[in-house]
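Reviewing the structure listed below.
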Amino acid sequence: GRNDLDAYRIKLPLQNPKKILPQKGSSIILKKIAFNPNSAELQESSFTELEKLLNELQNNNKIKIEISGHTSKTKEGEEFNQKLSLERADAVKKYLCSKGIDGTRIVCKGFGYSRPLFSENDEDHQALNRRVEILVLEE
Numbered sequence: 001g002r003n004d005l006d007a008y009r010i011k012l013p014l015q016n017p018k019k020i021l022p023q024k025g026s027s028i029i030l031k032k033i034a035f036n037p038n039s040a041e042l043q044e045s046s047f048t049e050l051e052k053l054l055n056e057l058q059n060n061n062k063i064k065i066e067i068s069g070h071t072s073k074t075k076e077g078e079e080f081n082q083k084l085s086l087e088r089a090d091a092v093k094k095y096l097c098s099k100g101i102d103g104t105r106i107v108c109k110g111f112g113y114s115r116p117l118f119s120e121n122d123e124d125h126q127a128l129n130r131r132v133e134i135l136v137l138e139e
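Residue numbers (the numbering used here): 1 to 139.
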């Protein structure tokens, strides 16, 4: 159970009251989520954005989400990137669960580089293909 302090904390206004999650059936790309290269280890710069997502999930217990990981096409190949993308989605889920979010509200998928936003091979475009998307399943 929650102690009184946690209940009080949740009632405090968010530092950024702007909602980041879209309506049911829509998805967003979590900006500023970064991982170490070829790794599912979240970089510290990711936590500000993850806190916004966490706050929204805490404020509405009905929200269920799908977290999907996407990578860029690399020499490591399809199987490696498929696994990596799922591990990255799982890393976001683990972070949220470590902060008290019920894991049954979160589904993780990894798409590797099967759903690129851009086909251009330059680093700027490939960097945009490396992303974490959040799809709202229920709200």
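Just so you know, even glycine gets a beta-carbon here, dropped at the ideal spot from N, CA and C.
In this structure, the beta-carbon distance from residue 54 to residue 136 does not fall below 8 Å. The beta carbons of residue 111 and residue 85 sit closer together than 8 Å. Remark: C-beta atoms of residue 87 and residue 40 approach each other more closely than 8 Å. For the pair residue 101 and residue 28, the CB atoms are not nearer than the 8 Å cut-off. Here residue 42 is bridged, per DSSP, to 35. With a beta-carbon spacing of about 11 Å, residue 30 and residue 95 fall beyond the 8 Å limit used to define contacts. When C-alpha distances from residue 26 are compared across 38, 68, 91 and 93, the shortest belongs to 68. DSSP, reduced to helix, strand and coil, places residue 131 within a strand of the structure shown. Counting along the chain, no alpha helix (DSSP H) covers residue 66; the unbroken beta strand (DSSP E) around it starts and ends at 64-70.
Residues 67, 86, 89, 90 and 93 of the same chain have their beta carbon placed closer than 7 Å to that of residue 108, with the five preceding and five following residues left out of the count. Between the beta-carbon of residue 65 and that of residue 130 there is about 20 Å, and that puts the pair past the 8 Å contact cut.
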